[in-house]
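Heads up: the structure comes next, in C-alpha cells.
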Amino acid sequence: MFRKSPSIITLILITGLFLSSCETIRVTSTTNPDIYYTEAAKTIQVEQTLDAGKAAVATLTRIAEIALTPPPPTTTPIPPTATHLPPTATPTPLPTSTPTLPAPSMTPIPCDLAVFVQDVSIGDGTQLFPGAEFTKIWRVKNVGLCTWTRDYALVYVGGDQLGTVTVVWFDRFVHPGETVDLSVNLVAPQKAGEYQGYWQMRDDGGVLFGTGLQQNDSLWVDIIVTNIGTIVYDLTQDYCNAIWVSPIMTLPCPGNSVSTPGFITQTIDIFTTGFVELIANPQLETGVTNSEPALVTFPSQGTGGMINGQFPALRVRHGYHFRAVIGCMFGAYKCNVTFQLNYQISDTPVQNLSTWTEVYDGNIRTIDVDLSFLKGKDVELILTVLNTNGSNIDDSAFWLLPGVWK
Numbered sequence: 078m079f080r081k082s083p084s085i086i087t088l089i090l091i092t093g094l095f096l097s098s099c100e101t102i103r104v105t106s107t108t109n110p111d112i113y114y115t116e117a118a119k120t121i122q123v124e125q126t127l128d129a130g131k132a133a134v135a136t137l138t139r140i141a142e143i144a145l146t147p148p149p150p151t152t153t154p155i156p157p158t159a160t161h162l163p164p165t166a167t168p169t170p171l172p173t174s175t176p177t178l179p180a181p182s183m184t185p186i187p188c189d190l191a192v193f194v195q196d197v198s199i200g201d202g203t204q205l206f207p208g209a210e211f212t213k214i215w216r217v218k219n220v221g222l223c224t225w226t227r228d229y230a231l232v233y234v235g236g237d238q239l240g241t242v243t244v245v246w247f248d249r250f251v252h253p254g255e256t257v258d259l260s261v262n263l264v265a266p267q268k269a270g271e272y273q274g275y276w277q278m279r280d281d282g283g284v285l286f287g288t289g290l291q292q293n294d295s296l297w298v299d300i301i302v303t304n305i306g307t308i309v310y311d312l313t314q315d316y317c318n319a320i321w322v323s324p325i326m327t328l329p330c331p332g333n334s335v336s337t338p339g340f341i342t343q344t345i346d347i348f349t350t351g352f353v354e355l356i357a358n359p360q361l362e363t364g365v366t367n368s369e370p371a372l373v374t375f376p377s378q379g380t381g382g383m384i385n386g387q388f389p390a391l392r393v394r395h396g397y398h399f400r401a402v403i404g405c406m407f408g409a410y411k412c413n414v415t416f417q418l419n420y421q422i423s424d425t426p427v428q429n430l431s432t433w434t435e436v437y438d439g440n441i442r443t444i445d446v447d448l449s450f451l452k453g454k455d456v457e458l459i460l461t462v463l464n465t466n467g468s469n470i471d472d473s474a475f476w477l478l479p480g481v482w483k
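Sequential numbering of the sequence shown, starting at 78, is according to my numbering.
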C-alpha cells in the first residue's frame with residue numbers, strides 16, 4: 078500500500094482557499110475615470126491570477142492522483158537511475174580502424190591448360206549420310222605454362238568412336254598463348270541416328286588433360302546420320318543429259334571447253350563463263366577426300382553470275398526425296414555461293430523448292446527436300462548455283478551424291 082502524502086494535500090487545500098477568497102473581490106463604482114482604469118487593470122490582474130491558480134490546482138491535483146494511484150500489480154517500478162547496461166558495465170569502444178583482410182591466395186597456372194575457342198568444321202548436329210567420311214576440327218588455345226610439343230596428342234576418350242582413329246599426334250609446337258586447330262578424320266556410322274564422340278589431349282608423359290578450369294572438359298563431335306533410303310535417280314550418272322547454261326551462254330558438258338558460234342572452235346576462259354564437271358573422289362572443304370562422286374558447279378562472273386542445270390523429267394511418287402550434301406571444294410577459301418533447288422513442270426514457270434547459302438568455313442550441309450507433294454507429275458529438277466556478291470572467285474561449289482531417294 079502506498080501512503081498518502083500530507084504535504085501535497087495540504088498544498089492543494091491552501092491553494093483552493095486562496096483562490097476562493099480572490100473570487101469575492103468586487104469593483105466599486107466611482108465617477109473618476111482614472112479609478113475605472115485602475116479597477117479594470119486590477120480586474121485583469123485578478124483574472125490572470127485566477128487562471129494561473131486554476132492551472133496550478135489542476136497540475137497539483139494530477140500530481141496527487143499519480144502519487145496516490147498504485148501501479149499495476151505485475152509492474153515493477155524501474156528505479157530512476159536504471160539503464161540498459163549494468164551500473165558497472167563499460168561500453169566497448171568502437172574500432173578506430175578497419176581490420177586488414179588477408180590477401181587472397183593466387184591459384185598457380187597449370188603446366189598444361191587449354192581453352193576451347195570454336196568448332197572450325199562439323200558443328201554440333203551436322204547431318205551426314207551413312208558411311209560419309211568427314212574431318213572434325215577444333216580450335217583451342219594454350220593458356221598454360223608449358224609448350225605442347227610433337228609428343229603431345231589428341232586422343233579418343235569415350236562416346237561414339239566414329240571410325241578407327243583413336244590417336245592423332247600434334248604436327249607442330251604450340252607455345253603458351255598460341256592457338257592450334259586439332260583435327261581428326263572420322264566416318265559416319267551406317268545406321269541413322271545421333272552420335273557423339275569425346276576427345277582430350279595427352280601430354281608427353283601420357284597424362285590426359287582437357288579444357289576448362291579443372292582441365293577435364295572434353296572436346297566433342299556431334300553428328301546426325303540421315304537414313305537416305307534407296308536412290309531411284311542418280312543425278313551424277315545423268316548429269317550430261319541435263320542442259321547447263323549461264324547468263325553468258327549454253328555450257329558444254331563436261332565443262333572443259335566451249336564452242337563459239339560459227340565454224341571456229343576454241344577454248345575460252347571457263348572461269349568467266351562458268352562450268353560443270355564430275356569428280357569421282359572430291360576433296361571437300363572439311364579436308365577429307367570423299368569416296369562418293371560430286372558435281373562441281375562453277376557460276377559465271379559478274380553481277381547475276383550463275384550456272385543452271387536442268388535435268389530430264391522424272392515421274393514423282395509418294396515418299397520421294399531429293400538429297401545431297403553441299404558446300405565448297407577444298408582450298409576455295411573465298412567461296413561464297415547460293416545454292417537453289419528448283420523445278421519445272423512442262424512449260425509452266427520455274428518454281429523454287431529451297432535455297433541455301435554456303436561459304437568456306439569448314440562445314441558442309443546435308444539437304445533433304447520432300448517431293449511427295451509433286452507425286453504423279455513429271456518434274457524437271459534444276460540445280461542452280463549463284464555467285465553471291467558479283468564475284469565468282471573460288472566459287473567451286475559441289476553437290477555430293479545428288480539424287481532422288483525413297
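A virtual CB, placed ideally from N, CA and C, is assigned to each residue, including glycine.
Leu355 is the residue among Asn429, Asp228, Gln267, Leu355 whose C-alpha sits nearest the C-alpha of Cys317. A direct Cα-to-Cα measurement between Pro207 and Glu362 gives close to 19 Å. The DSSP-derived three-state label of Tyr272 is strand. Going by DSSP, Thr380 is part of no alpha helix (DSSP H) at all; its letter is neither H nor E. Lys268 counts as exposed, since fewer than 16 other beta carbons sit within 10 angstroms of its beta carbon.
Distance from Leu391 to Val456 at the Cβ level is roughly 6 Å; contact confirmed, criterion being Cβ atoms closer than 8 Å. Taking each of Phe407, Ser295, Ser368 in turn and checking the Cα distance to Val436, the smallest one comes out for Phe407. In this structure, Thr374 sits near Ala474, with a CB-CB distance shorter than 8 Å.
Ile470 sits in coil when the DSSP states are folded into three classes, being neither helix nor strand.
Taking all protein chains in view, the Cβ of Trp246 is surrounded by fewer than 16 other Cβ atoms within 10 Å, so the residue is classified as exposed. Contact between the segment 295–304 and the segment 319–330 is absent, with fewer than three C-beta pairs closer than 8 Å. With the rule of 3 Cβ pairs closer than 8 Å, the segment 233–246 counts as touching the segment 267–281.
Contact check for Val192 against Asp258 fails: the beta carbons are separated by 8 Å or more. One thing to note: Asp472 has its Cβ no nearer than 8 Å to the Cβ of Tyr410. For the pair Asn262 and Val242, the CB atoms are nearer than the 8 Å cut-off.
As summarised for the segment 296–375, the continuous beta strand (DSSP E) elements at least 3 residues long and confined to that stretch are 296–302, 308–311, 320–322, 352–356, 371–375, given in chain order.
Here the C-alpha atom of Asp294 lies approximately 24 Å from the C-alpha atom of Gly270.
Taking a C-beta distance under 8 Å as the contact criterion, Gln292 and Pro376 do not qualify as a contact pair.
Residue state for Phe450 is assigned as helix, using DSSP reduced to three classes. Between Pro479 and Leu312, the gap from beta carbon to beta carbon is short of 8 Å. In this model, Arg249 and Asn219 are separated by some 13 Å (Cα to Cα).
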